[in-house]
Structures are given as structure tokens and as C-alpha cells.
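Read through the structure below, which is laid out as C-alpha cells, and then see the notes.
Protein chains: 2
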Amino acid sequence: MTYNFSVIGKNVPRQDGKAKVMGAAQFADDIKLPGMLFGKILRSTVPHAKIKNIDISKAKALPGVKLIITGEDTPKINFGNWRLVPESMDEYPLAIDRVRFIGDEIAAVAAVDIDTAQEALSLIKVEYEELPAIYDIDEAIKDGAITIHDNVKNNTSLSRTIHYGNVDEAFANAHLLLEGTFDVHSVSHAYMEPCSCVAKSDLDGRITIWTSTQTPYYVQVLLAQTLGMRENDIRVIKPFVGGGFGGKMELRKWEFCAAFMSKKLGRPVKFTLTRDEELATGRRRHPMKMHSKIAFSKDGKITGKEFTSYLDGGAYNSMGPTAAFLCGNFGGFLYKFPSYKYNGFHVYTNKPPAGAMRGFGAPQALFVTETQLNIAADKFGMDPLDIRLLNAMETGDEIPGVTKVHSCGFKKCLEKVREVTKWDEKRKEFTKKDSNKGIGIGCYSFISGGAFNWFNTQYPFTAVEVKVFDDGTAHLLTMASDIGQGCDTVLRQILAEELGIKTEDIRLTAADTAVTPQADLGTWGSRVTFMAGNAIINACKKIKDQLFKVLSLKLEANVIHDMECKNGMVYLKNRPDKGLKFKEAVRLAQKYNRGEPIVAYGSYTPRDHGLVTPAYSFGAQVAEVTIDKETGIISVDKVTTAHDCGTPINPIAVEGQLEGSIQMGLGYATCENFVMRNGKTLNTTFLDYKVPTALDMPENEHYTIDVYDPYGPYGAKEAGEGLVSPTAPAIADAISCAVNFRFTDLPITAEKILKNISKI
Amino acid sequence: MTYNFSVIGKNVPRQDGKAKVMGAAQFADDIKLPGMLFGKILRSTVPHAKIKNIDISKAKALPGVKLIITGEDTPKINFGNWRLVPESMDEYPLAIDRVRFIGDEIAAVAAVDIDTAQEALSLIKVEYEELPAIYDIDEAIKDGAITIHDNVKNNTSLSRTIHYGNVDEAFANAHLLLEGTFDVHSVSHAYMEPCSCVAKSDLDGRITIWTSTQTPYYVQVLLAQTLGMRENDIRVIKPFVGGGFGGKMELRKWEFCAAFMSKKLGRPVKFTLTRDEELATGRRRHPMKMHSKIAFSKDGKITGKEFTSYLDGGAYNSMGPTAAFLCGNFGGFLYKFPSYKYNGFHVYTNKPPAGAMRGFGAPQALFVTETQLNIAADKFGMDPLDIRLLNAMETGDEIPGVTKVHSCGFKKCLEKVREVTKWDEKRKEFTKKDSNKGIGIGCYSFISGGAFNWFNTQYPFTAVEVKVFDDGTAHLLTMASDIGQGCDTVLRQILAEELGIKTEDIRLTAADTAVTPQADLGTWGSRVTFMAGNAIINACKKIKDQLFKVLSLKLEANVIHDMECKNGMVYLKNRPDKGLKFKEAVRLAQKYNRGEPIVAYGSYTPRDHGLVTPAYSFGAQVAEVTIDKETGIISVDKVTTAHDCGTPINPIAVEGQLEGSIQMGLGYATCENFVMRNGKTLNTTFLDYKVPTALDMPENEHYTIDVYDPYGPYGAKEAGEGLVSPTAPAIADAISCAVNFRFTDLPITAEKILKNISKI
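Heads up: the protein sequence lines correspond to chains G and F, in order. Going by my numbering, the first sequence wraps up at 803, each residue one higher than the last. Going by my numbering, the second sequence wraps up at 803, each residue one higher than the last.
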């Protein structure tokens, strides 16, 4: 399809680029306020213990220390993102009487400088009564295991179930029945900017906090909750943010401490985490143990699946409830599963809590699906692409009452990668026993934001305010948060296209809870382009209605005429010569209004789209690898992707997301891994925790499949997160193709390869 | 009358007080930005000249100097507040080829610090071709006088005429005809905070400027105009402002320079004026020469008046056109003038331009009216209060087609001061020849904002946005500017009363042109309480409509029921038990809206109120003095005021305005005066330019007359500016009572008194 877009689909340079490369971008840690103090957090050094005593006397006496707080000083109000299920909110701003992992927050110091604060930490003496610690899912769920949270039996804080169709029948009638256990590990978000915030208490008692967050609204609401204040007495401002990937979407305890302490002290307080703190104690992707049983008919069609996952949640729930649900959702998606039964369990252990991370349950679930499909293809003697084409989801597919696929280019993606990679030749060639090369496939689907309201907001999922002016400019106000993914650019593009103006004509005020409209649920689940984009279209409809009315009046136009805004003009669609300059139309609309400014609110909440999401992306990725059979070292030579993200609003930004996803998937597949001993994370620097660098990146080729989603803004769907899923299965499949051994756990390291090659 | 108000009419402490006394208030000069440079202005040292050459070479070479600009570097676009009359816009951001007063802005330097910038100024060599200079009105309007602006004949840049009734007939039939010439001088606004601004050019080319201004909107529009940019690419933020009194309501040339230079340099630039610059070159009150001829009937009633004023405008028009009009307006107001003829002329001289100043033409005009009324009383052998009561305006009086008095407590004010000062006794007593005491009367009326659109804005005169939240708070966004007069407090009171919440429940975002609604014309003409107050009521009507609908639905209420918001509740007016908590009503209204936030815009533009103002304040003031007949020294012992400002929204704030007005009137009457020699202002420090201090203040007694204006917010009218008019005439009358000599020019100094006593 070709659309006559002016701004949509164009490679618009990132609007934050100049500030970033010129060093003008202000991140939270760049903020300096008069009288500002520096905060540090004292963390538990033991994995599980009762706190018997905290002696702050020596630390308090240290010159330059202004305040030390422990849990006892706080209002002791529990919190969590899952406000819909209050009993899931299992954290306190500072430990009350118990610590549950190495790194658990116990106390906070505010001092005149960082060194003093740090020294004060070393002077605080915590007396622990140590408790047995659990690091393993199997141990945690055993009957009689010590409970990490009182009243949580078997340390299983929650379970999720999805069930439709008759799985038992499918299994009974199966031509092929596969069963397997899969084990995936934990990795870090590894965002470039460590968490940082500055809180300032105003003289009227209100608080302003600048913080590195994906979700200013959550921080506002949860800060208010934990401080015992009113929501609107808290102002959260998101400065430039250097990445989040799910790791910055909750209230963080240092945000509470900064706000609470600034209020006590009447001075601003800043907290900035070190990389060591980030890696040792920060949120991470859920490690999971998964069991999958899948049935096929004679011709290779999936007939049923039973999928069970145990999420190692660490010490607190965090975003585990959502990960458990989405893991189950994606375990039964992407392909047609006539029957499906899922049970997910979130399990506490004495490790740093896992949380939301790019993919949000999908990378784990899809590693299982993709690996099992390959095993099935092997058993059937089918090509892995053929079995996928046979089972692939299509437009119109639905899980009745749950979700529906309004647009799907999955099959086209499969055909595209087959063609451009010369898959059929290469797969045959590389499968030969003496080949040290491999080619493999990985596929994905992902949501364009969630249709679930676990935060229990009373507001629209996203809202924008649009103002237009008679100088031809517009002002977009939105709480949507650019954390590096580029929504500040993409949302400007959508507004520019709607109004027929240029992106540079638009002033953007974003992510300031006091001045941008209530609310936006934040940057996660690939929701921003879809939802805020639709909210902009909604607002512009109201704006354009006013401009069109004025045009109609000026021209005394025939009622039948359609009108549009384009190229700085407002005109009759079929008579482009009959029109007004955009700015003149605004001026006249204002005249019509006797001066009132032309302003509109717009919002989007995903109604009538079931329980999961309003739209799904799809894609297929082929990885090509070379294995050094002497050393086991894996070289990923090339990654080829074909994906259906609907209309790419900004292709170059989509490409950036794609490359970042491949980098993250590559790390997940081959090198990233938290090394833990007795609850302690051992690799807490980027020297020890290995993230693929630019030099490690494979050649990358990609194709966007032409799909126009009927509900997406200008046909767009998600493009930022789904692509993190296919890379690990594709690489795993390519490795299996090269070494003729199939791995069911991640990461696949040289060591593992060598060990298993020797078995063959 | 008694009204059942919760917040209105209460002494609410100023919301800016805490920040100011604690030193937390951030004024423009307190703003420090990374990489900020410091600007200084080179000013003309001669009163009138052509610029032959400007040599900046040495200055440019000075280490630390980053940029020097002259008029030639600028886009050379003229500007002025009177956009409705483009030819009146007679200023350029920097002199192009001519200077017209000592202090005229020629060049600007930006350097790494103030000392370097100052040194650079001394290295710039300006070659002048001097022209004859004019310092006097009579000289300026003489035929054949050199013209200060080309094409402005007789240096009379504009005239204003008001004419109604038959003046000639009144004069012909007069029982008493008085004629006199009056001369008033120039005084300074003497605001505590010298002008300051910081401009920052963003990487996208937009500009943000923090500036000490009364009129952020004017600065936005005129900066855009002079820079050749679009209005909405300029963001003006008003920080705390330390007084304005009319002196900060135009685009100032250093604002242009800061913006222009920051754009050129890519670094923020700050300009802060010195007190010397302020007093030597800043705006000031118009000196005027006035001629008045007034006719009375046999019984003492005014039958007609012919009034002519010549305003010494200095080198540019500035706000002269408005001062010329308002002077004429007030020359024919306060009393009933059956016929009236006014001619006002704005005359250029080679002196610093006069501009708007508290009272805006009224202090000058009313000095004439009041003095002439006293002379008439003497002639008639009437008491000055009696002649005033006989002629005083009343509710319902109008000048057909021009203006109408909707509420007037003037007679009550006269009666009140008569009673409480024991006027009748004292006047008799002090008039005796051997008394060195005097008692005198001065009266006033003033506008509650102007109904004229000389700025030619396309927006409402004022607009607000009100948001309410289900935590019981509200957010008020307004471009209205608190410059120390207290509107941030008063507008919160009005909103609190409307919604039945507390002032501390309200977050206020004010005076930021990028986020507060378009537009507000600024803080001048005592317009803010009246106009922004009405805009708030307008917005709240829309908010309350939603809350009432929800209440109606919840109660399934009888259609006849009135409802109100009070004490944190929304309920049936006659059944206060039938209601909801305010925050619960908001929550339900949002539920009804399926999540949409409860937000409303409101605006006010003074339509259907004639050409002048929607409401007039009135008042009478009695001054008591003691004159040392040996030295001529005047002691003002007591000032008693009764005034009709409608409902005082915040009585303690009204009292503050009253005290400040008396202080200013006292200075105007007795000690403040710019001493000029050959166009140069000689008294440019507060040691030489004498402003009354707290120790100089007389005893002060005041009464608010109970008047409820039908159009004012909660019956309020102006309270900030009118009171600056009566003090000088009252003191002058008291002096005449004491020394038996009537002065027709200001200030009345000890020297003048001595000189004139000796004549008697």
C-alpha cells in the first residue's frame, strides 16, 4: 500500500539527538540545586535476616551528616505497582524489621557530599538475626520451606492461569507429543544511565522530584501513597533519561528517601546509584523454569499445549504478576493453539527482585515455543519454516473473549526471511555434519501496550493536550515519557501529520505531572506510540473540527465536502486550491471563538480490545553463526529480520530499536548472565557482566512488512520490544544447526557447546 | 451587607511571604545557568545626536568578551505596546543611527563576568554628531523646533480628545469660573528589584527568558516581533518580581539583547540593571503641564470643564498614549461633569521616556480637580467636603456610550472620613491664622482594568485553566503575574471560594507563557483581581456544572434544587446533609467521564462595559499635617482613608496596597523629584533620590465602605492603584489649610513653603 503521508514514514532525525551529542541534555544527576544534599542507601549485607538493632549514633555524629533515616522513621506504608491487588504490594520504603536479599534497603543518609554520606554508611551498625535463605525455585516451593514473606505459603506469591480448548483431548489424540523443561537465566537492563533523582520540598509542603523514570505518574501516585500525601502535592518531572528497558517503572526506594528527607530537611536531596549498586541490587529479567507439553496432528499442526512456568521473583513481587501473565499469554500465541493450558507461579527467593524487562515474559515463553517447534520440525522431517507457516497466526484469529488479531503480517515475514537469506539452501548445506556454520529461525509477536489496569488508575491510559496558534505552531502536552526510545520525535510526527504542519513547528512539553494532562501510564509494554499516538489523533479531530467549520463558513462550502490539513493548509480535499493557510484558519477559528484559544484534550484507553492489547506485532528473524569447534566460540555472522510493526512512523527510529533488540537478544543468548553465590551477585561491573558492544554486533539486514493496523495511529503497531524475543531462539537454532545439538537453557556459552559437542 | 464567604474577605497570609522572608524566593538575578554570560548595555552620553561611528574593535579584543552588538547587527524592527497604532511604535532594540536621550541604548556586550562586560563598555568608542536638545514642553511644541523624531511635527506624537456636553454654554452661564495652570513633576517607580533577565536559546532555536516583568505576554509577543521569530517559539517565565508599579510592562531593550545574543552565542545571557541605570534612564511618571477651566452654578454644582494637558513624554512614546487618555478620563470623572472637553498632547523631549506608573494619568488629573474644587469651596465659602458631596458621582451615573458607574460608595467615603477625623471641628480650628496644623481632603476614582485593546491582542484579556482532582486539590494555571501585589494569593482565594476548598489545596502555575493559557494582558491598571477573578469564576462554573450533574444523578435530585460547593462538600443548597465530599464528587465526575480529567478553561474580556473599564473604585482621604513655620518642614501626622474597592477579597492585602499608596503619594507630594540638568538625571542613588521610608510614614487609619460591585468577582473592584492619587492633593490641601497658601505644583517642599509664607 502507498499512503500519501507528509511526515509519517519519513526518517525524521531524533529531536533529542542534538542535545545529547552536544552535552546539553540534562539528566537527573546533572541537576544541581542551591543547598542540595547528597543521599546514600545502606543495604543489607545478608540475604535473609531479622533486624535486631540499627545503631546510627556514630554516623549521626559525623560532621556533614544532616539526616539519617531508617524504616522506623517512615510512615511504614507498603507499596507496589499492582494497586489492583493490594495484598501484592509487598515492599516498604525502608526495611521495617526484616531484610530479604543482599542489597535490601535499610537506611538512608543525607550529607553535604557523597563521600561524607558514604562514610556515614560505614558507621551505621546493623545487628542481624540471620534466617535460612533460599536461592532456588525448587527449594522455595517445597513443603515446609521457610517463608520469605509471612503468610505466603510455599513462597508462591501468586499464580496465573490461562485455559481454553480441550488440552487433554489434544494430547490423547496427538500424532506427536513433545515434552520438555527449559531453564532461562537472569540478565540486566544495563541502561547507560544509573538511576538518579533530586527531590525538593517546597515551602508550602509540596514536593517536586526530578527522576530517571519510565513512569512519572506511578512515581507521583506511589510517592504520595508512601509519604501519606495527596497525589497532586507531588510533582514528578522526567528529565532526559538514559534508557530504562523496564528497570525504571516502579517507585524506587531512593525516590521515597529523597522526597521524605528533603521534606524533613527543607533542602533538596539527590540520590544517584553507582553501577555496582545497579548490577548488584537492581531489578533484572525473571529467571524461569518452564515445562511445556505440546501436541501435533499428523500433518504438523499444533493441537494443544500445556505450559507451566515458575518465575524466580527474588525477594519481592515487583512486576512479577505481569511477567507471569504475559509469559503465559505468549506461550499460547504467535501460532494457532486450538487448546492451551497455562499455569504460572511467582516464587519468592532471597535474591534481588526481578522486575519488568523488555519483552516482559515473552523472551522466556518464546524461547520455549520456538525451540519446541524446531524439535517438532526435526521429528516430522519438516523445514522449521514450513512448520511455522503451517501454524502461523493470521489476521482475524482470536481467542474468544480474550484477544483478537486485527492485523498480522507474520506469514509474509516468514516468506521474506526465507527468500532473502536463501534459507532453504543454507539450512540444507549447514545441517551437514562437517559444517561449522549454522542458520536458525526465531519468531515473535508482541503487544502494543497493555489493556490491563493493574495500577488501578482512574484516568485515561494516556491523555494529551494540543494547542494551536495563529503563528502556525502547535504545542503538545503529554505525560508520555521519552526514555531514549524516541517517542518525543514520533509523537511530534503524528501531530505534524494530523495538522499538516512540520515537526519543528511543534513545542513539546512532556512528562511533568503538574503540567501535562492526567495521565499516562508510562513507557513500557511498547504502548506509547500506539496509545499516545491515538490520543493525539483524538485531540486533533477536535481541533480540526473547529478549523473545518471556519473554512466551511468562509467558503460557504457545500456540505458534502471533505476537508483536510496538509502542507500548512486547510482545504477541501478534492479542491486543494480552495483553502486557507493553517495559521490563518487558526486565527479565524479564534476570531469565531471571540478570542478563546484553540485547545483540545484527547485521550486513549484500549476499550473493546479484550484483555491483552489492542494490537500485536509479528516478526521472523534468521541468525547465521559460525562455531569454532575447537574452542566452542560462537560468532554470530548475520541477523536478518522481517517484521510487521504496522506502519513504521519513523523508519530510522524503528531501525534503532531493531538494532538495540538484536544487541540485547545476543547478550541474552550468549554472554549476559548474573553470576550469584549465596544470594550475592558477583559480577557487578561492566568488566565482569558482559554486554555485547558495538564491535560484537553482527551484520544486520531488515525488512518491514507492509501492514496497516486498523486501530493503530496511521496503522502503526509496536516496534520497540517484541524484537528482543526472536534473537535468542534464532541463535540457539543456528547453533543447533551447526553443532547438531539442541540447547534448552540459556545462555549458550562456548563452554556449554564444547561440553555438548563432546557428547555427540 | 453580610455574605457567608469562607475564604473571601478573610485575612489570608500572602502565599509568597514565606519564600521571601526565608530567602528562598528566586528573582531573575538569582537564576544561574551553566555557561551563562553577563550582559551590559552601552548608553548614550549625549541627549541628542546622530551616531557617526561605533568602534567596537578594542572592546572586542578584550579577553572574556564573547559578543558585542549594535543596532546594525539586529533585524532593526521597531516595537511598542501600542500595536493597534503601528506608527506609535517608535523604539528599536538598539539605536540605529540616532540617540535621543542620555541613556539611550546603543550597544550590548556579553562577557564571562560583569566586570569584563563593564570594562568592554569603556572601550567602545561612539562618535556623535550632536544635535540641539529640547528639555521643555513649551520649547518642544514651538513652531520651528527641531524634531526629535522625523515627521513628528511640533514633537507632538499624539493627541487625545474627550468631549461631551456643551462646555461653552456652561462657561457662558457660569456663576463661578475658575481657571488655572498646574505643573506636576516626574517621580520614579523605585521598585526594590532592579530589572533583570536571563535568556536561554534552546538547541531547536526556541528561546526561554526569565524576566522581571509585569507583562510576560507582551514580552513574548514583542520579543518575537523584534527578533523576527514566531510568538510561540518564545517562552517567557516570570520568576518572583520585586515590584513594578508600571515600570516593567514593556519589552525592555536588554530583554531583546539577552535573547538575541543567547541565540547567537548558544549560551545563556543575563542582564541586570544597576540602581544607577534604573534611576538615570528608566521609565518614570509623566511630568505634565495642565490647564483647567471649570464652571460652577450658583449653588456650587459643576456645570462644565475644559481641561488640557501636555505630557512630557521624553524621547519615546512608551505608554504615553494611555496616560494621555486616562489623564483626560479622570479629569472629567469622580464628580458629575455635565459638560467636559479634554485635549491631551504627548510631547517628545530629549529626556528619559516617561511610561506607565501607578495611577496612570490619574494622580496628575486628580491633583488638578481636587485643588480646583478646594479653591471653588473657598470662593463659595463652602466646606470642601460639602462641595464634594454636592458633586460626587453616584451609582448609575454614566457618560453615554463611553462608560457607566455600576457601583459607587464615594459619598459614603466622604461621610465616613468627615465623621472619623472630626473634620468639621478640625478644619475650622486649623484654618485659624495662628495654627501651624492643617487638615485636607483628597479624593479619587480608578479603573478596575482597562476595556481598551491597544496591544491588539487576539486573545481574551485574561484566561485561566482549572483542573480538579479526586484528592481534593485543584490546579490553577494563569498567565496573571504577581509582581508583589499579591494576586497569587487573591486568585487562590477566589478559586477556593468557588470550589469550597482551601487555599492550601490549590497548586498555582502562573505567568509562564508556554504552559499557562493564552493570554493575560499583564499586571497594570489594577486589572488582575477583577479580570482573572472573573475568569476563574467562569472556569469554575464549567467545573461545578459537572459536579452538580453527578450529584443530581447520585441523589436522583429534584430538578428544582440549587447546589453549591462549600466546606469541602458539594450539596443541595437547602439540604446541606444531602451531598458528597468535593473529592468524591470529582472522582464520580471522572467516572462519569470514563476517566477523563475534570478540566475547564475560563476567560474574561470586558465586553458591554463601554470604552474605559468594567468598574470604578472610589475613595476619600484626609491628611493632617503640622508645618514648622520657621523651617517650612512638613510633618504628615495622620492619613485617614475611606474607600470603596467593592468587596475586599483579602483585607490585609488591601491594607498593604493602601499603605504603599500613601507612601508613594507622600513621596510624590513632598520629596520625590528627578533633578535634571541638560537632559541628565542628577539624583541616581537612593541617597539623592528621596523616597519616604518606613520611619517617614504617618499614622494611618482606614475604612472600607461596604459596596458590592455587580460585575466584580464576589463584588470586588480595584484596590491597588487608585489610592495613589488622593494623598498628594490631600496633603496639599492640608498644607494650604495650615499656611493659607494654595500650591498648584508638586512637590511641595519646605523651601517652597518658606518662600510662599514670606509672601503672605
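C-beta: ideal position from N, C-alpha, C; glycine also.
Would residue i and residue j qualify as a contact pair, given that the criterion is a beta-carbon distance under 9 Å?
i        : j        : result
F:ASN417 : F:THR669 : no
G:SER488 : G:PHE350 : no
F:LEU369 : F:GLY404 : yes
G:SER361 : G:HIS334 : no
F:PRO90  : F:GLY722 : yes
G:SER231 : G:GLY290 : yes
F:ALA578 : F:PRO259 : no
G:VAL511 : G:VAL642 : yes
Buried or exposed for residue i, please, with buried defined as at least 16 other CB atoms from any protein chain shown within 10 angstroms of its CB.
i        : result
F:GLY271 : exposed
G:LYS75  : exposed
F:ILE677 : buried
F:LEU730 : exposed
G:PRO129 : exposed
F:ALA737 : exposed
F:GLY78  : exposed
G:SER801 : exposed
F:PRO175 : exposed
G:LEU534 : buried
Apart from the five residues just before and just after residue i, which ones in its own chain have a Cβ nearer than 7 Å to its Cβ?
i        : result
G:ILE430 : GLY343, LEU416, ALA419, ALA420 and PHE423
G:LEU110 : ALA153, MET304, LYS307 and LEU308
F:LYS119 : TYR135 and ILE139
F:PRO772 : LEU409, PHE410, GLU413, THR414 and GLY485
Can you name, in chain order, every residue of its own chain whose Cβ lies under 8 Å from the Cβ of residue i, other than the five neighbours on each side?
i        : result
F:GLU702 : MET740 and ASN743
F:HIS745 : THR683, THR684, ALA685, HIS686, GLU698 and LEU701
G:LEU127 : ASN496, TRP497, PHE498 and ASN499
F:ILE692 : ILE51, GLY52, VAL533, GLN536, ILE537, THR572, GLY576, PRO756, TYR757 and ALA759
Among the options, which one has its Cα closest to the Cα of residue i?
i        : options                                   : result
G:CYS456 : G:LEU766, G:THR113 and G:LEU105           : G:LEU766
F:MET331 : F:PHE299, F:GLY543 and F:TYR391           : F:TYR391
G:PRO406 : G:LEU797, G:THR792, G:ASP788 and G:GLU794 : G:ASP788
G:GLY804 : G:GLN257, G:ASP467, G:GLU115 and G:PHE81  : Outside the shown range of chain G (44 to 803) lies residue 804 of chain G, about which nothing can therefore be said.
G:GLN528 : G:ASN581, G:LYS597 and G:GLY286           : G:GLY286
G:ASN783 : G:TYR385, G:GLU472 and G:ASP245           : G:GLU472
F:GLY708 : F:ALA233, F:LEU166, F:ALA92 and F:ILE191  : F:ALA233
F:ARG295 : F:GLY763, F:ALA759 and F:ILE84            : F:ILE84
F:PRO396 : F:VAL655, F:THR724 and F:THR770           : F:THR724
G:GLY60  : G:ASP525, G:PRO649, G:LEU590 and G:LYS281 : G:ASP525
F:ASP563 : G:GLY638, G:ASN799 and G:ILE586           : G:GLY638
Where DSSP assigns a beta bridge to residue i, which residues make up the other side?
i        : result
G:MET333 : G:PHE225 and G:SER352
G:THR254 : G:CYS240
F:ALA153 : F:GLY82 and F:LEU110
G:ILE205 : G:TYR385
F:ASN647 : The sequence as given places Tyr at residue 647 of chain F; Asn does not occur at that position. According to DSSP, which records beta bridges pairwise, F:TYR647 is partnered with F:THR505.
F:LYS313 : F:PHE81 and F:VAL241
Check whether chain C comes within 9 Å of residue i, counting only Cβ atoms and requiring the distance to be less than that.
i        : result
G:PHE573 : No chain C is part of this structure, whose protein chains are labelled G and F.
Can you list, in chain order, the residues of its chain whose CB lies under 6 Å from that of residue i, leaving out five sequence neighbours each side?
i        : result
G:PRO756 : ILE537, GLY576, ASN577 and ILE580
G:TRP125 : SER131, PRO364 and TRP497
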